[in-house]
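Structure first, then comments.
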Amino acid sequence: MSWRGRYTFQVTALLSITLVLAVVLSLVSVGCGGGEGAAKGAGEMTIEELWAAAQEADNDIHSWHMEIASYYERTQYGGGQIQSIIIDVNGEDVHEQDLLLGQVYFEYKRVGGKQYNKDMASGTWKEVPANATNDVAKEYSSKFLELPSLAESQTHVGTEVIGGSEAERFRFNLDPEAVKTMFSGQPSFDFSNNSGGEVEVWIDSDEYYLLRYEMLIRDVIIPEKIGNGDIRFVVNISRINEPVEIEAPI
14 MSWRGRYTFQ
24 VTALLSITLV
34 LAVVLSLVSV
44 GCGGGEGAAK
54 GAGEMTIEEL
64 WAAAQEADND
74 IHSWHMEIAS
84 YYERTQYGGG
94 QIQSIIIDVN
104 GEDVHEQDLL
114 LGQVYFEYKR
124 VGGKQYNKDM
134 ASGTWKEVPA
144 NATNDVAKEY
154 SSKFLELPSL
164 AESQTHVGTE
174 VIGGSEAERF
184 RFNLDPEAVK
194 TMFSGQPSFD
204 FSNNSGGEVE
214 VWIDSDEYYL
224 LRYEMLIRDV
234 IIPEKIGNGD
244 IRFVVNISRI
254 NEPVEIEAPI
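Quick note on our numbering: the sequence shown kicks off at 14 and runs consecutively.
Spelled out as structure tokens, the structure:
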């Protein structure tokens, strides 16, 4: 199989984990101001308090824009971006675009409980049975909720500006067993010989929104004979509770 063919197939394998990340982050980690933590500034709170404040206020989130990029590093083919996913959410409505090398190769909308997939060759839309992703997301959500307790160490790196907003940056270091726990039941990669990883989050200093999320896992066995390497995911979230229009295409 050619180099490009291998990585095109790999995108399909990666789709499951990146989609799970997207849904989990939207369900669990994105929060807004309010609750007991609102009396404190984010810089004065522990990561556990920030996590609790974000979860408590999560029900107030109804729309957002999310961009996910996945990368491979230190493989026999070197490194680079594998794919990116763009997701817009407005209540229960979703618009997702999956890109490879900057080109959209899969696109769907879920509007009013109905799902529409786009035929990329003809550009036409077709109604299809709606996919239920919430159950999968809930299965993984508990692992992300446990992130502060799973980490062997955690650090408040400092305050930075993300997308024009001040944000508190936190870093979690995960040992190999924590990585296995976090991704148990995830079939796309083999984490059995991983050497740990890092997770960094940027949380809005005033509103407790999650603005950015990065994960690096080292020494993962990547499928389709790609072999050993590192995988990195970068998630950026914006337009939280701003107008996001998602219309049925047909």
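Positions of the beta carbon are idealized from the N, C-alpha and C atoms, including for glycine. Because the structure is a prediction, the values reported are computed rather than measured.
Around the beta carbon of E190, fewer than 16 other beta carbons lie within 10 angstroms, which makes this residue exposed.
Between W215 and A180 a beta carbon distance of about 4 Å is seen, short of the 8 Å cut, so the two are scored as contacting. N206 is the residue among E258, E260, N206, I250 whose C-alpha sits nearest the C-alpha of N241.
By the CB criterion at 9 Å, K122 and E109 fall inside the cutoff. By the 16-neighbour rule on beta-carbons within 10 angstroms, D217 is buried.
In summary, V192 is buried, with 16 or more beta-carbon neighbours lying within 10 Å of its beta-carbon over all protein chains present. Inside the segment 210-240, DSSP marks whole beta strand (DSSP E) runs of 3 or more residues at positions 210-217, 223-235, from first to last along the chain.
The shortest C-alpha to C-alpha distance from V233 to any of R87, Y118, W64 is the one to R87. Between I244 and K131, the alpha-carbon positions lie close to 29 Å from each other. For V192, the uninterrupted alpha helix (DSSP H) run begins and ends at 189-195, by DSSP. If you draw a straight line from the Cα of N254 to the Cα of W64, it is about 19 Å long. Here Q167 carries a strand assignment [DSSP, helix/strand/coil]. In summary, Q89 is exposed, with fewer than 16 beta-carbon neighbours lying within 10 Å of its beta-carbon over all protein chains present. Taking 9 Å as the cut-off, the Cβ atoms of D101 and H78 count as close. For I98, the closest alpha carbon among the candidates G92, Y85, L112, G91 is that of L112.
Cβ atoms of R184 and T168 come within 8 Å of each other, at about 5 Å. In this structure, DSSP gives L112 an extended state, which the three-state scheme calls strand. DSSP places D101 inside the beta strand (DSSP E), whose first and last residues are 91-103. The distance from the Cβ of Q128 to that of N144 is about 6 Å, consistent with a contact at the 8 Å cut-off.
For E258, the three-state secondary structure derived from DSSP is coil.
Check the Cα spacing between D188 and each of N249, R231, E237: the tightest is with R231.
A straight line joining the alpha-carbon of S178 with that of N249 spans about 13 Å.
For E159, the secondary structure class from DSSP, reduced to helix, strand or coil, is coil. With at least 16 other beta carbons inside 10 angstroms of its own, V212 counts as buried.
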